[in-house]
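A short worksheet on the structure shown next.
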Amino acid sequence: MAVFVCEDGKYFQIDTKKSTYLIGVAPGGFLGHMYYGEKLRLDGGVRYDDLSYLLGEPLTDRHKVNFEDSFPWEYGMPGYGDFREHCLEIEAGEGKESLEFCYAGYELLPEKPDLQGLPALFGEDGETLVIRLRERKLPVTVELVYSVFEEEDAIVKSVRVRNEGDAACHLTRALTSQVEFPPGDYDLITLHGAWGREREPYRRGIGWGEQSISSIRGVSSHQANPFMAVARRDADEEKGIVYGMNFVYSGNFLAGTQTSPSGYVRAVMGIHPYQFRWKLEAGECFVTPEAVHIFSDEGIGGMSRRFHDLYRGHLIRSPYRDKERPVLINNWEATYFDFDTEKLWDIAERAGECGIEMLVMDDGWFGHREDDTSSLGDWTPNEEKLPGGLKRLVDGVKERGLSFGIWMEPEMVSPDSDLYREHPDWIIGQAGRDTSKSREQYVLDFSRREVRDEIYRRICRVLESADISYVKWDMNRALTNVPEGEVYHRYVLGVYDLQNRLTTDFPDLLLENCSSGGGRFDPGMLYYSPQIWCSDDTDAIERLRIQRGTAMVYPLSTMGAHVSDCPNHATGRTVPFASRGDVALAGTFGYELDVTAIAEEERQAIRTQIEDYRKYHRLISQGDYYRLPSQAEGRDYDCYMVVSRDKSEALVSFVRTAVRLCCPGERIYLRGLSEEKSYRLSDRDAVLPGSVLMRAGLEVEGAECEYQSKLIYLREQADS
Ligand code: DGJ
4 MAVFVCEDGK YFQIDTKKST YLIGVAPGGF LGHMYYGEKL RLDGGVRYDD LSYLLGEPLT
64 DRHKVNFEDS FPWEYGMPGY GDFREHCLEI EAGEGKESLE FCYAGYELLP EKPDLQGLPA
124 LFGEDGETLV IRLRERKLPV TVELVYSVFE EEDAIVKSVR VRNEGDAACH LTRALTSQVE
184 FPPGDYDLIT LHGAWGRERE PYRRGIGWGE QSISSIRGVS SHQANPFMAV ARRDADEEKG
244 IVYGMNFVYS GNFLAGTQTS PSGYVRAVMG IHPYQFRWKL EAGECFVTPE AVHIFSDEGI
304 GGMSRRFHDL YRGHLIRSPY RDKERPVLIN NWEATYFDFD TEKLWDIAER AGECGIEMLV
364 MDDGWFGHRE DDTSSLGDWT PNEEKLPGGL KRLVDGVKER GLSFGIWMEP EMVSPDSDLY
424 REHPDWIIGQ AGRDTSKSRE QYVLDFSRRE VRDEIYRRIC RVLESADISY VKWDMNRALT
484 NVPEGEVYHR YVLGVYDLQN RLTTDFPDLL LENCSSGGGR FDPGMLYYSP QIWCSDDTDA
544 IERLRIQRGT AMVYPLSTMG AHVSDCPNHA TGRTVPFASR GDVALAGTFG YELDVTAIAE
604 EERQAIRTQI EDYRKYHRLI SQGDYYRLPS QAEGRDYDCY MVVSRDKSEA LVSFVRTAVR
664 LCCPGERIYL RGLSEEKSYR LSDRDAVLPG SVLMRAGLEV EGAECEYQSK LIYLREQADS
């Protein structure tokens, strides 16, 4: 049991393995947040009256505004005196109404309910509490839905707003989650970036006023990931209390904190209100996307590991979740748009000799596309490049022993395409205004069923025309000129609808999402695809930072990572081939280079790297991930390790990122090993107790030169 209803609904207690979350009903029916943190041993014996101080000063008629202003609301509403960042706004006539939702009952569900076309966590866990609130004047109810994943210390929230009247109203803001943290010293951790520089962690103190991150680009974005953590100031990588929040959504979002004059820190997360105006007809219900809350008493590292466990166990649905993914080679950086069937066969031939298992044909195979200025939407093979079409190409690739994958960008259309000439009105835009182009393309209006249906027909035609086992679903521009109303959200629902159809109708298909690199790396996408292309920056040294930031929230098994050519096409840097392999091992492993043009010794190195991948794949994709101090902490290297659940084996990955002479010796202190076990180290003739490796540390040898790397495998010594 994870949910306790105390004193018949006076307060609610949600327990995970290590945390407690308390919600109370104050006199007058106001729903307040009482507590979120380390587990409380309440044992059902503490009376509401004895805990009611957690809800602050009680309401007096004379001081209603003061009450509203300082009450720790569970779901804040504007109008009566809650002046802080709030969750809900409703227009039901002339304009926005003052809202006063009060407690109207609860329900306990043994399982987590579905979320009407939205990605959602699932699993046998998932006991669910639904608290119902009713507005004093409007015939509108709000249901706050809390599902619990005890083992992962996770509470997953969503909200249903229901119009129970007989006239329509409009929602102009419907956030998913709010938490009130009592006065204290907190830091905010978020992930920022840009194209090619995704998900850099940024930690700063939470001060007075508001601090928020957001996207109004129509996608979750390169610039800000829909994640934030509120960390106690004394929390670090290994210890201390950290509250992680992640939005299971791939479109516009808002996540932020606001400190009230009394020192309470309110954290909110949900769909960004920009251009959001949702018509709720009589009887209709709006369901918000989910927000995941993780509690960690083991610092930021503990938060990451809980997110990884939760997503591996309860979010990723693909049958590939636990399978060894095929080692693929993608032709993008090998050829860009300049390829034909013969060239792809050559690549496949050479790749097969090295042990690579799948060839992915990237952008440029359709319509008359020779560069990025045409043909999106015309998903028929370019006969000049691919004579005999896809079937001939794919059969030839299979004869060479590889399976085949294909790139598509279903959400887009080029102005120079037959699709656009036929349906110029299918793009997202505002009446009477030009729509801005980006990468010489427009965004198809996926909020419209007929647009999605036609694109889906075209995708199916491609997939049925040859034996295709993998799709890279790309998305290369932000949404602009979006009309106010429902388009932004319906667009995201439309993308989910198509990815749902695709993965249902082609259950064996391996889907990899991508958005100009990692512009849509979010839990919403992971529900449909077990892997996402992490970044267009394939420089191994840059990737270290990107992958480390990504792993703050997302499991290593989800990060598309490839070995690419050097000098790197984006940064000009040259990194040893072996180090490029070691870096790509931290994700779904593959190649992105012209294997016909590299030296024989590099082809030999590919064979060795694939052997490493086979050896370590299970450990890396399923194990517990530990960040060790690295560049961000002032070291001249990047270092992380993965430990198996039973702590019988571990892998340390070390990459030298800079070289300074005559520096003091470097010792790394391993984490996550067993105190009781001893481990044999792969790089030396030594067996050392876990306690020594963690407390006395380990000197890394053989990675002294710039960009050299080292993998150290640790295996439990059986007779230890
Ligand atoms: C952006 C992706 O991130 C790249 O990997 C590649 O597929 C290009 N698009 C193709 O246009």
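In my numbering, the protein residues as written are 4 to 723. We put the CB at the ideal spot given by N, CA and C, even for glycine. Bear in mind that the values here come from a model prediction, so they are computed numbers and not experimental data.
Less than 9 Å between the beta carbons of LEU132 and VAL151, yes or no? In this structure, VAL151 lies closer than 9 Å to LEU132 by Cβ.
Should THR507 go down as buried or exposed, given a rule of 16 or more other Cβ atoms within 10 Å for buried? A residue is called buried once 16 or more other Cβ atoms fall within 10 Å of its Cβ, and THR507, having fewer, is exposed.
Is SER420 helix, strand or coil by DSSP? Taken through DSSP and simplified to helix, strand or coil, SER420 comes out as coil.
Distance CB(SER472)-CB(LEU512) smaller than 9 Å: Yes, they are a contact pair.
If I measure Cβ to Cβ from GLN214 and keep anything under 7 Å in the same chain, skipping five residues before and after, which residues do I get? Once the five neighbours on either side are set aside, the close Cβ partners of GLN214 are LEU191, GLY259 and THR260.
So if I measure from each beta-carbon to every heavy atom of the ligand DGJ and keep distances below 6 Å, which residues remain? Residues with a Cβ closer than 6 Å to any heavy atom of the ligand DGJ, in chain order: TRP335, ASP365, ASP366, TRP410, ASP477, ASN479, CYS517, SER519, GLY520, TRP536 and ASP539.
Taking 6 Å as the limit between beta carbons, can you name the residues of its chain near VAL655, skipping five residues before and five after? Only residues of its own chain outside the window of five on either side were considered, and among them MET644 and ILE715 have a CB closer than 6 Å to the CB of VAL655, listed in chain order.
Given that a residue counts as buried once 16 or more other Cβ atoms are within 10 Å of its Cβ, and exposed if not, what is GLU652? Buried, by the Cβ-count rule.
When burial is assigned at 16 or more other CB atoms within 10 Å of the CB, is HIS371 buried or exposed? HIS371 counts as exposed, since fewer than 16 other beta carbons sit within 10 angstroms of its beta carbon.
When the Cα atoms are used, what is the spatial distance from SER441 to SER518? Cα to Cα, SER441 sits roughly 13 Å from SER518.
What residue range is occupied by the uninterrupted alpha helix (DSSP H) comprising LEU501? Unbroken alpha helix (DSSP H) run through LEU501: 490-508.
Assuming GLY593 and ILE332 form a contact by the criterion Cβ under 8 Å, report the distance between their Cβ atoms to the nearest whole angstrom. Correct: roughly 6 Å between the Cβ atoms.
Can you give the Cα-Cα distance for TYR491 and ARG452, rounded to whole angstroms? Here the C-alpha atom of TYR491 lies approximately 14 Å from the C-alpha atom of ARG452.
Using CA atoms only, rank isn't needed, just tell me which of GLU702, ARG328, GLY12 and THR483 is closest to SER560. The residue with the shortest Cα to Cα distance from SER560 is ARG328.
What residue ranges within the stretch 283-367 form continuous beta strand (DSSP E) runs of no fewer than 3 residues, ordered along the chain? List check, beta strand (DSSP E) in window: 288-290, 294-299, 331-333 and 361-364.
Beta carbon of TYR530, beta carbon of ILE274: below 9 Å? No, the Cβ-Cβ distance between TYR530 and ILE274 is not below 9 Å.
TRP476 - DSSP class collapsed to helix/strand/coil: Per DSSP, reduced to three states, the secondary structure at TRP476 is strand.
May I ask you to verify whether the stretch 669-680 touches the stretch 540-547, counting CB pairs closer than 8 Å and requiring at least 3? Contact between the stretch 669-680 and the stretch 540-547 is absent: fewer than three C-beta pairs spanning the two stretches fall below 8 Å.
What is the residue span of the alpha helix (DSSP H) that ASP587 lies within? It should be noted that the sequence gives Ala, not Asp, for residue 587. Residue range 580-587 is occupied by the alpha helix (DSSP H) that includes ALA587.
From ASP349 to GLN612, what distance separates their C-alpha atoms? About 21 Å.
Just to confirm the assignment, what range does the beta strand (DSSP E) spanning GLU719 have? Looking at the DSSP string, the run of the beta strand (DSSP E) that includes GLU719 is 712-719.
I'd like to know whether the C-beta atoms of THR175 and TRP281 end up nearer to each other than 9 Å. Cβ atoms of THR175 and TRP281: closer than 9 Å.
Length of the line joining the Cα atoms of ARG65 and ASP169: Distance between the alpha carbons of ARG65 and ASP169: 35 Å.
Taking only the alpha-carbon atoms, compute the straight-line gap between VAL578 and HIS565 and give it to the nearest angstrom. Computed Cα separation, rounded: 14 Å.
Could you compute how far the alpha carbon of ALA232 sits from the alpha carbon of VAL245? Their backbone Cα atoms lie some 7 Å apart in a straight line.
Taking only the alpha-carbon atoms, compute the straight-line gap between TYR24 and TYR38 and give it to the nearest angstrom. Cα to Cα, TYR24 sits roughly 6 Å from TYR38.
Rounded to whole angstroms, what's the CA-CA distance from TYR14 to TYR423? Just pull it up for me. TYR14 and TYR423: Cα-Cα distance of roughly 57 Å.
The beta strand (DSSP E) enclosing GLY554, as first and last residue numbers: Per the sequence shown, residue 554 should be read as Ala rather than Gly. Counting along the chain, ALA554 sits inside no beta strand (DSSP E), nor does DSSP assign it H or E at all.
According to DSSP, GLY408 sits in a beta bridge with which residue or residues? Answer is VAL363 and TYR473, bridged to GLY408.
List the DSSP bridge partners of GLY259. Beta-bridge pairing by DSSP links GLY259 to SER215 and VAL271.
Where the alpha helix (DSSP H) containing PHE70 begins and where it ends: 67-73 is the span of the alpha helix (DSSP H), which, as asked, contains PHE70.
GLU604 - DSSP class collapsed to helix/strand/coil: Correct three-state label for GLU604: helix.
Contacting residues, own chain, Cβ-Cβ under 8 Å from GLY563 (five flanking each side not counted): Excluding the 5 residues flanking it on each side, GLY563 has same chain C-beta neighbours closer than 8 Å at GLU515, CYS517, GLN534, ILE535, TRP536, CYS537, GLY590, THR591 and GLY593, in chain order.
Where the alpha helix (DSSP H) containing ARG280 begins and where it ends: Annotation for ARG280: no alpha helix (DSSP H) segment contains it, and DSSP assigns it neither H nor E.
Could you please give the first and the last residue of the uninterrupted beta strand (DSSP E) stretch that includes GLY593? Start and end: 591-595.
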